[in-house]
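*Asks:* Listed in order, the protein sequences are those of chains Z and E. Heads up: the first sequence begins at 23 in this note's numbering, then just goes up one per residue. Heads up: the second sequence begins at 314 in this note's numbering, then just goes up one per residue. Even for Gly, the Cβ is constructed at its ideal location relative to N, Cα and C. All values reported here derive from a predicted model rather than from experimental measurement.
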Amino acid sequence: MTLAAAAFNLIFIPVALMAHPHWGAVGHAFVRWTPLPGFTKDTVLIVLSDIGATVTPWMLFFQQSATVDKGLTTKDIRFGRIDTLVGAGLAAAAALGAIVATAPLFGRISAENFEAAQFAQALQPLIGRFGASLFALGMVEAGIVASITISTSSAYAFGEVAQRPHSLNLPVNQGKSFYAVLGLCAAAAAGIVLIPGLPLVFVVLVVNVVAVLAMPPALVFLYLLVNDKQIMEGVKSPGWMNALAAAVVVVLTAAGVLYGLSVVAPNVLAWIGRL
Amino acid sequence: MKDEREHASLAETSLVLETLELDQLVAAKREPVPRRQLKGGELALLWGLRLYVIFMLVVVFWQAWTAGR
């Protein structure tokens, strides 16, 4: 069921096609990285939040727990890498679909004055009621998949720390604490969303920023783990993968430092922007 | 009769575990790995990252607080 819900994420691709994008402009934007808003504190916050929505610590914990839950072993490493690569590619394709679909709204509305559902409404004159409905369903689907995976990740983590049974293969009566934590996390998130007047867009941005800031220690820990000869024996991480991991840590840490500068010393950020 | 059933059940369980062990390494996953002794550089890196996260969380809370005022 989760796989079907995740596959529905690709709905953004046909929605993007319905928006009849100017492919020349899309290609130009890919190559030149334009148009971009000014290099300000808000831009840094949005960029960091975008990274945080894609690369998150809970994702690491979820993937390692799901790997154990599925009963995968060292024989499945190659398949696991292909699985991760295909998953990342499909997620990026869905994200690009969402960006291209909303590109006609660029400069007219932004996350500052509109929330997710209103983006679908704003798209209706451009892609019709059917397209706008698909876009809205895509947003709902993204929320459902996120709530399933993040809650499950928390339940896995609780089970590991508390040494209680933790597996999606368990019947409810054998995994009471696992399913209780899973349900409580989902219910708590739903409760927070329902708080009247809560600036949800800002909350999402801040949560994603925290995810980026927490990522380097988690990645370094993982780096040490996958290079530990005693644990990994003959399947230690190869050099090229270590280089890629180190590059990701450096980029994430630099992005975090840039964010810190934008808050603590906005003048320095303005100076960097003029370079 | 009851003893025979229990014996058969234990034999079936051990057969299942032996068969699965080759592919799923169930018993191997339960072997504890001794605590690793980190070297100076690794310790410094992890402590640096801990301080980085604490400092950055203060920055995030500061921004959220000033935005909320």
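How would you write the range of the alpha helix (DSSP H) that Z:H188 sits in, first residue to last?
*Replies:* Taking the first sequence and counting its residues from 1, the one referred to as residue 188 of chain Z is at position 166. First-last for Z:H188: undefined, no H or E at that position.
*Asks:* Rounded to whole angstroms, what's the CA-CA distance from Z:D298 to E:R348? Just pull it up for me.
*Replies:* Coverage of chain Z is limited to positions 23 through 297, which leaves residue 298 of chain Z absent and any answer about it impossible.
*Asks:* Tell me the rounded alpha-carbon separation between Z:P238 and E:L362.
*Replies:* Mapped onto the first sequence, residue 238 of chain Z falls at position 216. Mapped onto the second sequence, residue 362 of chain E falls at position 49. Answer to the nearest angstrom: the Cα atoms are 7 Å apart.
*Asks:* Does the CB of E:V329 have a neighbour CB from chain Z at under 8 Å?
*Replies:* Position 16 of the second sequence holds residue 329 of chain E. Chain Z, which has no Cβ nearer than 8 Å to the Cβ of E:V329, makes this no.
*Asks:* Please check the pair Z:L283 and Z:L291, which I expect to be a contact at CB under 8 Å, by giving their CB distance rounded to whole angstroms.
*Replies:* Mapped onto the first sequence, residue 283 of chain Z falls at position 261. Mapped onto the first sequence, residue 291 of chain Z falls at position 269. Their Cβ separation, rounded to whole angstroms, is 5 Å, which keeps Z:L283 and Z:L291 in contact under 8 Å.
*Asks:* Which residue's Cα is closest to the Cα of Z:A168: Z:A184, Z:N195, Z:F84 and Z:L190?
*Replies:* Counting from one through the first sequence, the residue named residue 168 of chain Z turns up at place 146. Of the listed residues, the one whose Cα sits closest to Z:A168 is Z:F84.
*Asks:* I'd like to know whether the C-beta atoms of Z:L145 and Z:F157 end up nearer to each other than 8 Å.
*Replies:* As a working mapping, residue 145 of chain Z is identified with position 123 in the first sequence. As a working mapping, residue 157 of chain Z is identified with position 135 in the first sequence. Against a cut-off of 8 Å, the Cβ pair of Z:F157 and Z:L145 comes out as a contact.
*Asks:* Counting pairs of Cβ atoms below 8 Å between the stretch 100-118 of chain Z and the stretch 201-220 of chain Z, do you hit three or more?
*Replies:* The stretch 100-118 of chain Z, when compared against the stretch 201-220 of chain Z, does not touch it at the 8 Å Cβ threshold.
*Asks:* Is Z:I131 helix, strand or coil by DSSP?
*Replies:* Your numbering for residue 131 of chain Z matches position 109 in the first sequence. Z:I131: coil per DSSP, three-state reduction.
*Asks:* For a cutoff of 8 Å on Cβ pairs, would you count E:A357 as touching chain Z?
*Replies:* To locate residue 357 of chain E, count along the second sequence from 1; it is residue 44. Chain Z, which has no Cβ nearer than 8 Å to the Cβ of E:A357, makes this no.
*Asks:* Are the CB atoms of Z:Y281 and Z:V231 nearer to each other than 8 Å?
*Replies:* In the first sequence, the residue the question calls residue 281 of chain Z occupies position 259. In the first sequence, the residue the question calls residue 231 of chain Z occupies position 209. Yes, they are a contact pair.
*Asks:* Since Z:Q146 meets chain E, which of its residues come closer than 9 Å, beta carbon to beta carbon?
*Replies:* As a working note, residue 146 of chain Z is residue 124 in the first sequence. Result: empty, since nearest Cβ-Cβ is about 31 Å, beyond 9 Å.
*Asks:* Rounded to the nearest angstrom, how far is the Cβ of Z:F34 from that of Z:A120, given a contact under 8 Å?
*Replies:* Here residue 34 of chain Z corresponds to residue number 12 of the first sequence, with the count starting at 1. Here residue 120 of chain Z corresponds to residue number 98 of the first sequence, with the count starting at 1. Confirmed, about 4 Å.
*Asks:* Report yes or no: is there a C-beta of chain E within less than 8 Å of the C-beta of Z:I217?
*Replies:* Sequence index remark: in the first sequence, residue 217 of chain Z carries index 195 (1-based). By this cut-off, Z:I217 is not an interface position.
*Asks:* Is Z:P238 close to chain A? Criterion is C-beta to C-beta, closer than 8 Å.
*Replies:* Any reference to chain A falls outside this structure, whose protein chains are Z and E.
*Asks:* Name the residue from Z:L25, Z:T65 and Z:G197 whose alpha carbon lies nearest to the alpha carbon of Z:D105.
*Replies:* Along the first sequence, read from residue 1 onward, the residue named residue 105 of chain Z stands at position 83. That would be Z:L25, whose Cα lies nearest to the Cα of Z:D105.
*Asks:* Alpha carbon to alpha carbon, how far is Z:G197 from Z:H188?
*Replies:* Locating residue 197 of chain Z in the first sequence gives position 175, counting from the first residue. Locating residue 188 of chain Z in the first sequence gives position 166, counting from the first residue. Their Cα atoms are separated by approximately 6 Å.
*Asks:* Could you work out which residues of chain Z lie near E:W375, taking near to mean beta carbons separated by less than 7 Å?
*Replies:* By one-based count along the second sequence, residue 375 of chain E stands at place 62. In chain order: V285.
*Asks:* Among the candidates Z:L227, Z:N264, Z:L235 and Z:I217, whose CA atom is the shortest distance from the CA of Z:L244?
*Replies:* For the purposes of this step, residue 244 of chain Z is taken as residue 222 along the first sequence, with counting starting at 1. With distances taken between Cα atoms, Z:L244 lies closest to Z:N264.
*Asks:* For the stretch 215-251 of chain Z, which segments carrying the alpha helix (DSSP H) assignment without a break, of at least 4 residues, lie completely within its bounds, in sequence order?
*Replies:* Taking only runs of at least 4 residues, the alpha helix (DSSP H) segments lying wholly in the stretch 215-251 of chain Z are 222-248.
*Asks:* Should E:R382 be flagged as near chain Z, meaning a C-beta pair shorter than 8 Å?
*Replies:* Along the second sequence, one-based indexing puts residue 382 of chain E at 69. Taking Cβ atoms only, chain Z never reaches closer than 8 Å to E:R382, which makes this a no.
*Asks:* Using only CA atoms, which one of Z:V162, Z:V203, Z:T124 and Z:A139 lies nearest to Z:V48?
*Replies:* For the purposes of this step, residue 48 of chain Z is identified with residue 26 of the first sequence, where counting begins at 1. If we check each option's Cα against that of Z:V48, Z:T124 comes out closest.
*Asks:* In three-state terms, what does DSSP make of Z:K198?
*Replies:* Your numbering for residue 198 of chain Z matches position 176 in the first sequence. Z:K198: helix per DSSP, three-state reduction.
*Asks:* So that I know if they touch, is there some Cβ in chain Z lying closer than 8 Å to that of E:L370?
*Replies:* Position 57 of the second sequence, counting from 1, holds the residue named residue 370 of chain E. Judged by the 8 Å Cβ criterion, E:L370 is in contact with chain Z.
*Asks:* Does any residue of chain E have a CB that is nearer than 8 Å to the CB of Z:Q252?
*Replies:* On the first sequence, position 230 is the one that residue 252 of chain Z refers to. It does: the Cβ of Z:Q252 has a partner Cβ on chain E nearer than 8 Å.
*Asks:* What's the gap between the Cα of Z:S176 and the Cα of Z:V215?
*Replies:* The count along the first sequence starts at 1 and reaches residue 176 of chain Z at position 154. The count along the first sequence starts at 1 and reaches residue 215 of chain Z at position 193. Taking the straight line joining both Cα atoms gives about 18 Å.
*Asks:* Check the Cβ of E:R348 against every Cβ in chain Z and list those closer than 7 Å, keeping chain order.
*Replies:* Taking the first residue of the second sequence as position 1, residue 348 of chain E is located at position 35. Per Cβ cutoff of 7 Å: no residues; E:R348 is ~11 Å from chain Z at best.
*Asks:* Please report the Cβ distance between Z:P79 and Z:A184, rounded to the nearest whole angstrom; I am assuming they are in contact, meaning their Cβ atoms lie under 8 Å.
*Replies:* Position 57 of the first sequence, counting from 1, holds the residue named residue 79 of chain Z. Position 162 of the first sequence, counting from 1, holds the residue named residue 184 of chain Z. Wrong, their Cβ atoms sit about 19 Å apart, outside the cutoff.
*Asks:* Between the alpha carbons of Z:T266 and Z:V242, how many angstroms are there, rounded?
*Replies:* Locating residue 266 of chain Z in the first sequence gives position 244, where the first residue counts as 1. Locating residue 242 of chain Z in the first sequence gives position 220, where the first residue counts as 1. According to the sequence displayed, residue 266 of chain Z carries Leu and not Thr. Going from the Cα of Z:L266 to the Cα of Z:V242 covers about 12 Å.
*Asks:* Anything in chain Z within Cβ reach of E:L362, meaning under 7 Å, just list it in chain order.
*Replies:* Translated into positions along the second sequence, residue 362 of chain E becomes position 49. The answer, in chain order, is P238, P239 and V242.
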